[in-house]
Ligand code: GDP
Ligand code: MG
C-alpha cells in the first residue's frame, strides 16, 4: 500500500498541515503531521483542493531504462526553438498566434488548412519555429512538474492599452521558474489608448528591463490585428534561439513529450508528440508511461502524412494501445517487445505522488492561447 506523510502531502498541496488534519478529522481519521495516509485518502483530500493525484515513478523507470550516453558534439545539430505564448486574458494570445500562422500560411501555402494538433511549425526567413498552442498549457504544467520542459522561449503578450495584469505576472513567474527565455510582445499598439512605454515601465518591477532602457529583455511592439511587428517578433525569436544554441542529435533514438492525446473513435488513441531529441519514424516502437505501441502513421501540423520527425517537430501519431497523458515523456524502444515490457513495468511499479495540480492549471488556462 502506497503512503504519504501528512506533512509532505500538505507541502505538495500547498496548504497548511493543520488544514489536512482537519480534513482527516472530518473523514474520521485522527492523525498528526508526521503520520502517513494511504493513497486513497491522499487522493480524496487532494480532490477537495481540486488536485488530481497520479501515480508517479513512470518517468523514473523509463528515464532509467532509456538512459543513453550524451551525444558527441559532432552529431549535434541546431534545432528549431519551441515557443509558447503566454499572457493575461484578452491581451491577444490567440489573435497573435493566429496572426503568426496566417502570415506563414499565406506566404507559403495559400488556402492551406492548418490542422489543430496542439502545435504548429511556422517559418521565418527559411528558419523553422515550433509553437505549442491550444492545450499546450496542460503539457506545460505537467512538463514543469516532471522537470521535462519542452519549451525554450515564452512570448509574453502584454496589451499596450492595459499593461501588466495579474496573469502577466503569473506568466513571468512560470516562465522564470521553468528557465524559459522571455520575449515581450507589446500587443494592440494599433489602439488609440496604446502606451508601450507604460508597459515597459511596469515590467521593470518584475525584473524585465527592455533593451532600449539598457536591459536585456527584448520587447517588440505588435498588433495581432493589423500584423504590425509580427515579422520582427519572429526574427527576435530566432535571434534568442540562436543565442541559446539549441541543439539535438537527429541520429539517436527518438524521445520527446506528449503534447496532447485523445481517443478517436475510428483511429484509436491519437497523440500529438513533440520530438525533443532523435528522429521518430513510422514503425518505431515507443512507450509513454504505461502506453506503448508501434507508430502506425504520422501527420504533421499541416495534415500531411510524414514518415519521420526530427528534433522540435510536432507530429500526430497513431498506434498507441492507450491514451497517454499530456506532458508525459515518450521514448523509442528497440523492439515492440521491449516497449511492451517496459510499459508493463511502469504499470507494476508506480508510486503515489501528486503530479497535476488543477489549482495551478486553472490559472494557467488563461495564460496560454486557447
Ligand atoms: P486572449 O484571451 O489573450 O487569447 O486574447 P484574444 O486573442 O482572444 O483577444 C482578445 C480581444 O482583443 C479580441 O477581441 C481581439 O480581437 C482583440 N485583440 C487582440 N489583439 C489585438 C490587437 O493587436 N489590436 C486590437 N485592436 N485588438 C486586438
Ligand atoms: Mg485565447
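Residue numbers (full-length UniProt numbering): 99 to 468.
We treat Cβ as the ideally placed atom computed from N, Cα and C, and that holds for glycine.
(message) Between which residues of its own chain and residue 168 is the CB-CB distance below 8 Å, once the five residues before and five after are set aside?
(response) none
(request) Go to residue 438, then tell me how far its alpha helix (DSSP H) extends in each direction, as first and last residue. (result) That run of the alpha helix (DSSP H) goes 434-446.
(request) Tell me where the beta strand (DSSP E) around residue 252 begins and ends. (result) Note, residue 252: beta strand (DSSP E), 251-257.
(message) Taking the beta carbon of residue 250 as the centre, do at least 16 other beta carbons fall within 10 Å, making it buried, or is it exposed?
(response) Residue 250 should be labelled buried.
(request) Return yes when at least one heavy atom of the ligand GDP lies under 7 Å from the C-beta of residue 260, else no. (result) Proximity of the beta carbon of residue 260 to the ligand GDP is not indicated: no heavy atom of the ligand is located closer than 7 Å.
(request) Quick one: give me the first and last residue of the alpha helix (DSSP H) that residue 169 is part of. (result) No alpha helix (DSSP H) contains residue 169, which DSSP labels as neither H nor E.
(request) Put residue 334 into one of helix, strand or coil per three-state DSSP. (result) For residue 334, the three-state secondary structure derived from DSSP is helix.
(request) Using 10 angstroms around the beta-carbon of residue 275, count the other beta-carbons present and answer buried if the total reaches 16, otherwise exposed. (result) Residue 275 is exposed by the Cβ-count criterion.
(request) Check residue 363 in the structure and name its three-state DSSP category. (result) Here residue 363 carries a coil assignment [DSSP, helix/strand/coil].
(request) Provide the residue span of the alpha helix (DSSP H) that contains residue 123, from first to last. (result) 115-124
(message) Here's the rule: buried if 16 or more other CB atoms are within 10 angstroms of the residue's CB, otherwise exposed. What is residue 319?
(response) buried
(request) Please determine, among 188, 176, 301, the residue with the shortest C-alpha to C-alpha distance to residue 376. (result) When each option's Cα is compared against that of residue 376, the closest is 176.
(request) Kindly indicate which three-state DSSP category residue 266 falls into: helix, strand or coil? (result) Residue 266 carries a helical assignment under DSSP once its states are collapsed to helix, strand and coil.
(message) So, with DSSP's three-state summary, where would you put residue 137?
(response) Three-state DSSP puts residue 137 in a helix.
(message) Considering only their Cβ atoms, is the gap separating residue 253 from residue 308 smaller than 8 Å?
(response) no
(request) Measure the CB-CB distance between residue 417 and residue 394 and report whether it falls below 8 Å. (result) yes
(request) Tell me, please, which residues DSSP counts as bridged to residue 378. (result) 407
(message) Quick check on DSSP: helix, strand or coil for residue 219?
(response) strand
(request) Excluding the 5 residues preceding and the 5 following residue 205 in the sequence, name in chain order all residues of the same chain whose CB lies nearer than 7 Å to its CB. (result) Bear in mind that a pLDDT of 42 at residue 205, under 50, signals an unreliable position, so the number given afterwards is only what the model happens to contain. Correct list: empty, nothing qualifies.
(message) Between residue 176 and the ligand MG, is there a pair consisting of the residue's CB and a ligand heavy atom that are separated by less than 7 Å?
(response) no
(request) With residue 427 as the anchor, note down where its alpha helix (DSSP H) starts and where it stops. (result) Where residue 427 is concerned, there is no enclosing alpha helix (DSSP H), although the beta strand (DSSP E) it sits in stretches over 427-430.
(request) Could you say if the segment 365-383 and the segment 405-412 meet the contact criterion of at least three C-beta pairs nearer than 8 Å? (result) yes
(request) Please name the residue in 178, 283, 381, 127 whose C-alpha comes closest to that of residue 342. (result) 178
(message) Does the distance between the C-beta of residue 266 and the nearest non-hydrogen atom of the ligand MG fall short of 7 Å?
(response) no
(message) For residue 112, which residues in the same chain have their Cβ closer than 7 Å to its Cβ, ignoring the five residues on either side in sequence?
(response) none
(message) Beta-carbon within less than 6 Å of residue 101's beta-carbon, same chain only, minus the 5 sequence neighbours each way: which residues are those?
(response) 134, 136
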